[in-house]
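**Student:**
Number of protein chains: 2
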Amino acid sequence: MTPVDTVQTNSRKQANIKAVQRAKHICEKSNVRLTTLREQVLTLLLDYGKPLGAYALMDLLEANTDRDRVAPPTVYRALDFLLKYRLIHKIHSLNAYTPNSNPLREDCSVILICTNCGIAEETPNNTIQQAINLCASQYRFGVEKQVIEISGKCGTCRTTERNHG
Amino acid sequence: MTPVDTVQTNSRKQANIKAVQRAKHICEKSNVRLTTLREQVLTLLLDYGKPLGAYALMDLLEANTDRDRVAPPTVYRALDFLLKYRLIHKIHSLNAYTPNSNPLREDCSVILICTNCGIAEETPNNTIQQAINLCASQYRFGVEKQVIEISGKCGTCRTTERNHG
DNA sequence: TACAATATGTTATATGATAACATAACACTT
DNA sequence: AAGTGTTATGTTATCATATAACATATTGTA
Chain A
716 MTPVDTVQTN
726 SRKQANIKAV
736 QRAKHICEKS
746 NVRLTTLREQ
756 VLTLLLDYGK
766 PLGAYALMDL
776 LEANTDRDRV
786 APPTVYRALD
796 FLLKYRLIHK
806 IHSLNAYTPN
816 SNPLREDCSV
826 ILICTNCGIA
836 EETPNNTIQQ
846 AINLCASQYR
856 FGVEKQVIEI
866 SGKCGTCRTT
876 ERNHG
Chain B
716 MTPVDTVQTN
726 SRKQANIKAV
736 QRAKHICEKS
746 NVRLTTLREQ
756 VLTLLLDYGK
766 PLGAYALMDL
776 LEANTDRDRV
786 APPTVYRALD
796 FLLKYRLIHK
806 IHSLNAYTPN
816 SNPLREDCSV
826 ILICTNCGIA
836 EETPNNTIQQ
846 AINLCASQYR
856 FGVEKQVIEI
866 SGKCGTCRTT
876 ERNHG
């Protein structure tokens, strides 16, 4: 697979390779296969560095692999698999997908989405998790899934704006 | 407009009428109009009692008003207006819309979505809001919008399950 | 009334996701 | 290695959600 056309530091490249290796280990432990397709999708998401929609992923698959045509079910099935094993997140407010930086973590992951640069940073947060659990218990609500997506300007973009614009 | 076909207690009917009145006041203060279409959409959402998708709303508009055909842009524009003035929320994890039970409140609204009965309950929550603000400030992230959607079983459904099933 | 601004109607199309069925790859048994 | 069940992918069609672009109508105001 040819590398996607984004600027990547060497350390990020290394981190992405490690993320794929971790994914492989997780799949092995669950006795499921990180097939070529699934690995390609995960790698594209890691390398791109920003959330990608399913159709953008289809285009990248066609551009960066030897596949000629990729139909929607192909990529959606790969995404479903990666979601199931918590290797990626779906960002509902963007209809886009992004790697899960820590698939084994159980608690709440908050996603900070920069409306300026498009980067979505994930952060574990026990405080928010506790607040949600308390809130839910007050309603006797049994939590199964939670979507926490914060949009705004990231620190980097805010600093840049202050200096230039 | 004929009432939508759902069971409604008198107190809920009254509450919904008041919610529409509040919406009118809010629009007056902002010098914008809660037109017939917009009021119909808001009323349908209030009466239905559960989140509704845009296309379901189109069907209900056709069924419950004297409109013959309602095209997508018609309902989406009404939804955009109601969203802008915070009279409704979009639930991203469902692609559906639900009334905002307190349009004037500024802080975080958490939405508890029951996967069993479909009811989405909204709850203001200062604790979660503070936790989010703290989390964001640690990343020097400037919050503009937040989506907090919790899915699971509501208290009522859990009680019913315990007794019957 | 005439005008500008706002709102709605109408047609077409973009974007996101899945159903249903066919084929291929894998993994296990004999 | 051949057969068999399971898992994964390919393929076509379609559903579901949302918007662009332009036409017409309604409203508020000079």
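Heads up: the sequence lines are chains A and B, in that order. According to the numbering used here, the residues represented by the first sequence are 716 to 880, in order. According to the numbering used here, the residues represented by the second sequence are 716 to 880, in order. We treat Cβ as the ideally placed atom computed from N, Cα and C, and that holds for glycine. Model, not experiment: these values are computed from the prediction.
#1: Going by DSSP, what residue range makes up the beta strand (DSSP E) through tyrosine 812(A)?
#2: Give a yes or no on whether the minimum CB-CB distance between glutamate 821(B) and chain A is below 8 Å.
#3: Spell out a yes or no on whether the stretch 839-852 of chain A and the stretch 731-741 of chain B are touching, meaning 3 or more CB-CB pairs, one atom from each, closer than 8 Å.
#4: Tell me which residues of the stretch 805-819 of chain B have at least one Cβ-Cβ distance to chain A shorter than 7 Å, keeping chain order.
#5: Enumerate in chain order the residues of its own chain whose CB-to-CB distance from isoleucine 865(A) is below 8 Å, with the five nearest sequence positions on each side excluded.
#6: So valine 785(B) and glutamate 777(B) are in contact, right, with Cβ under 8 Å, and what is the actual spacing, rounded?
#7: Give a yes or no on whether the minimum CB-CB distance between threonine 751(A) and chain B is below 8 Å.
#8: Determine, using beta-carbon pairs with one atom in the stretch 787-803 of chain A and one in the stretch 736-752 of chain A, whether at least three such pairs fall under 8 Å.
#9: Kindly indicate if chain B contains any beta-carbon less than 8 Å away from that of glycine 764(A).
#10: Can you pull the chain B neighbours of alanine 851(A), defined as C-beta to C-beta under 8 Å?
#11: Which of helix, strand or coil does DSSP assign to glutamine 844(A)?
#12: Whose CA, out of Ala846(A), Gln755(A) and Leu759(A), lies closest to the CA of cysteine 823(A)?
#13: Considering only the beta carbon of each residue, do leucine 760(A) and leucine 767(A) sit closer than 8 Å?
#14: Report the partner residues of leucine 767(B) according to the DSSP bridge assignment.
#15: Candidates Thr874(B), Cys832(B) and Gly857(B): which alpha carbon is nearest arginine 877(A)'s?
#16: If you drop the 5 nearest sequence neighbours on each side, which residues of the same chain put their C-beta closer than 7 Å to that of cysteine 850(B)?
#17: Do you know offhand how far alanine 771(B)'s Cα is from leucine 819(A)'s?
#18: I'd like the span of the beta strand (DSSP E) that includes alanine 835(A), first residue to last.
**Tutor:** This is what the structure holds:
#1: 811-814
#2: no
#3: Flag = no, the stretch 839-852 of chain A and the stretch 731-741 of chain B do not touch.
#4: Under the 7 Å Cβ criterion, the stretch 805-819 of chain B contributes His807 and Ser808.
#5: Val825, Ile826, Leu827 and Ile828
#6: 6 Å
#7: no
#8: yes
#9: no
#10: The answer, in chain order, is Leu827, Ile865 and Gly867.
#11: If DSSP states are grouped into helix, strand and coil, glutamine 844(A) belongs with the helices.
#12: Ala846(A)
#13: yes
#14: Tyr812(B)
#15: Gly857(B)
#16: none
#17: Computed Cα separation, rounded: 38 Å.
#18: First-last of the beta strand (DSSP E) with alanine 835(A): 835-839.
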